[in-house]
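Shown next, in structure tokens, is the structure this report addresses.
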Amino acid sequence: MTASPGSADISVVIPLHDKAAHISQALDSVRAQTVAPAETIVVDDASCDAGPEIARASGLPNLRMLRREVPGPGGYAARNVGAGAAKARWIAFLDADDTWKPGHLEAVSAILSAHPDAGVVFMSYEKTGPRGVSVRREVDTDRWLDLRACLALFAERDIFHTNGAVIDRDLYARAGGFPEAKGFGRGGDSDFWLRLIVANGGAFLGAAVTSSYHSQYSGVLSKISTVGAQHPVRRTVARLIAEGADPSLTPLLKRLANRKTLQWVRPLPNRRIATKLQLLGTLYPAVLGRDDLRGMARSFLKNW
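This is the structure:
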């Protein structure tokens, strides 16, 4: 697809499931972009509210509406449907209850113009919630991070977010897209980011804060019931190691798997002790740190 003058060669994908209260704000933030996308694809993930009708009536230029008949957990399948239908080279994502700042696509376009082989760009973002706004920025200037550097950061904290991701369409397919299999109700984003940076050998990180993750609307904290017996990242790490991952990267991969696993363990109530113990059994003991052990102890004491 050739982008029209004044627009970027970027397809925007928005999964939509029962977000009638928020979709207008998300679409307005796309409309407000100083550089317009080539198209915006809203994937109705079997919504039961008026969200799809609101999107259709928005008047957003180059809007395409797609529909799935059965909703998928986490919007993963809906994102894959949108990505598969995208006509532009680059695919950007925005959740239906979040927003972009007006310069998001302009900042991304500048990076892609200077680094057309970046493969994937993650812009910095802010998280809003009942406690206010916190900025998540990992770099002071736009820069490429190789796989080792990405893993070192990712093993410590969540450095990537869906709303800040812009991915080459071919790389997206090569990395396998978001997981759709049963049992991936949570953790699929992190799993895809791991597979993505491994397939790409790293990622380009943008310093500008260009999106807002409105955590008060996401419902993530209420989805503890979807936690399974093994985090998706742990499964992917085990596969990468079994397939012969660089031994020098193995400790970082294991630390990442442990961090994501403990992220699931901590909020689980002790009435789900069996799931807790199953998760703890997937940890890599050799790379556990003191903070990990303290966190494990607190999770049992706090939830007893």
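The opening position of the sequence shown corresponds to residue 25 in this note's numbering, with each subsequent residue numbered one higher. Using N, Cα and C, we set each Cβ at its ideal position, and we do this for glycine too.
With respect to alanine 120, alanine 74 sits apart: the two C-beta atoms are not nearer than 8 Å.
Put simply, the region 50 to 62 touches the region 116 to 134. At least three CB pairs are less than 8 Å apart. Judged by DSSP secondary structure, lysine 43 falls outside any alpha helix (DSSP H); it is assigned neither H nor E. Going by DSSP, lysine 300 is part of the alpha helix (DSSP H) stretching over 297 to 304. In terms of CA proximity to alanine 142, Asp192 leads the group Asp192, Pro76, Arg318. For alanine 107, the uninterrupted alpha helix (DSSP H) run begins and ends at 100 to 109, by DSSP. By the Cβ rule, the region 218 to 230 counts as touching the region 163 to 171, because three or more pairs are nearer than 8 Å. Residues Asp69, Arg92, Phe202, Glu204 of the same chain have their beta carbon placed closer than 8 Å to that of alanine 101, with the five preceding and five following residues left out of the count.
For the set Gly319, Ala298, Ala116, Arg279, the Cα lying nearest the Cα of arginine 290 is the one of Gly319.
Taking the Cα positions, proline 95 is about 10 Å away from aspartate 42.
Taking every protein chain shown into account, the CB of valine 36 has 16 or more other CB atoms within 10 angstroms, so this residue is buried.
Going by DSSP, glutamate 150 is part of no alpha helix (DSSP H) but of the beta strand (DSSP E) stretching over 144 to 153.
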